[in-house]
Amino acid sequence: MVGSAALVGSSNLTVLGLTTNVELNTQFRREVELLQAWYERHWKEADDISEEILKVIERHTWEYSPFEVYAKSLREFFRGYEITVGERELAGSTNGGQVMVS
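Quick note on numbering: numbering that gives the first Met the number 0 labels position 67 of the sequence shown as 66, and the sequence is numbered without any gaps.
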């Protein structure tokens with residue numbers, strides 16, 4: 000619920016959700032009270048998550064550092080723009096593509 004409007008939908012932010020799945024979100028203004036009652040009814044009927052389910056979820060999730068998220072974002076953003084070693088040499092690389100350590 001946001002003020003006097005309800006935002007309802009599916010926001011799958013996985014790779015498939017962002018590429019091939021059909022996702023939909025919509026905003027309702029007049030039906031807010033009905034949606035609030037529907038939500039409260041389902042919330043009251045819901046079961047608490049069990050320790051067993053939490054363990055399964057923990058086995059299938061990973062924590063990433065901010066740098067890892069940033070690096071992955073850059074990699075995906077520049078996918079398809081990679082240059083070959085030959086192109087790098089033409090661009091003026093003087094170390095043959097090797098990493099220099101000081």
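Even glycine gets a Cβ: it sits at the ideal position worked out from N, Cα and C.
Since this is a predicted model, take the numbers as computed values, not measurements.
For residue i, the three-state DSSP class (helix, strand or coil)
| i | result |
| --- | --- |
| LEU6 | strand |
| PHE77 | coil |
| THR19 | coil |
Check whether residue i and residue j have beta carbons under 8 Å apart
| i | j | result |
| --- | --- | --- |
| ALA5 | LEU34 | yes |
| VAL31 | SER9 | no |
Residue i versus residue j: straight-line alpha-carbon distance, rounded
| i | j | result |
| --- | --- | --- |
| ASN20 | VAL7 | 17 Å |
| TYR163 | PHE76 | A query on residue 163 cannot be resolved here, the shown segment of the chain reaching from 0 to 101 and no further. |
| GLU62 | SER72 | 15 Å |
| ILE48 | THR13 | 22 Å |
| GLU51 | THR60 | 15 Å |
| LEU89 | TYR80 | 16 Å |
Contact set for residue i: own chain, Cβ-Cβ below 6 Å, skip 5 residues either direction
| i | result |
| --- | --- |
| GLN26 | ALA4 and LEU6 |
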